[in-house]
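In this note's numbering, the protein residues as written are -18 to 109. Cβ coordinates follow ideal geometry from the N, Cα and C atoms, glycine included.
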Amino acid sequence: MFENFRERLQTVQQDFTTGIKTLSDKSKDAKVKKKQRREDHTPQFSAGLELLSRYEDTWETLHKRAKECAKAGETVDGEVVMLSAHWEKRRTGVVELEEQLQQVPAFLSDLETVTSRIGETLASADGP
-18 MFENFRERLQ TVQQDFTTGI KTLSDKSKDA KVKKKQRRED HTPQFSAGLE LLSRYEDTWE
42 TLHKRAKECA KAGETVDGEV VMLSAHWEKR RTGVVELEEQ LQQVPAFLSD LETVTSRIGE
102 TLASADGP
């Protein structure tokens, strides 16, 4: 169960890292193109259209990955809740066992007293 949880968590982390890296790379590419445009001085409207199209594609991809990450996060959350409930149940059992074990010394003392009284009763019945 922990291995499955770890794999899902790593997948979410990798998807998130990839998305951030993609944004960073696209931002650097845009800065380079911006510098080139300043040097050319002639407006290139098709370049703006290309840039807009590329950002739309990038945004769509990031949006899709964000949805996938959200779904994976919900799955991981569900597994964590189930795991938490499982261990809470186990903890409750251990607490009950601990309470019962704390009563053992008193029980043994009472048992010893009863055994002693039975022995005394038998001895007094056999004696005279």
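Between the CA atoms of A53 and E79 - distance to the nearest angstrom | 39 Å
Buried versus exposed, by CB contacts within 10 Å (16 or more), G0 = buried
Taking the alpha-carbon positions, what's the L92 to T73 distance?
-> 28 Å
Confirm, please, whether the CB-CB distance from V75 to F(-14) is below 8 Å.
-> no
Looking at E49 and D6, is the spacing between their C-beta atoms short of 8 Å?
-> Their beta carbons are not under 8 Å apart, which means D6 does not touch E49 by this criterion.
Which residues in the same chain as T39 place their Cβ atom closer than 6 Å to its Cβ, once the five residues preceding and following it in sequence are excluded?
-> Cβ-Cβ distances below 6 Å link T39 to K7 in the same chain, with the five nearest sequence neighbours on each side left out; the list follows chain order.
Is the beta carbon of T3 sitting closer than 8 Å to the one on L43?
-> yes
Note down the Cα distance separating S97 from L82, rounded to an integer number of angstroms.
-> Take the alpha-carbon of S97 and the one of L82: they are about 23 Å apart.
Alpha-carbon spacing of Q(-6) relative to F88, whole angstroms | 55 Å
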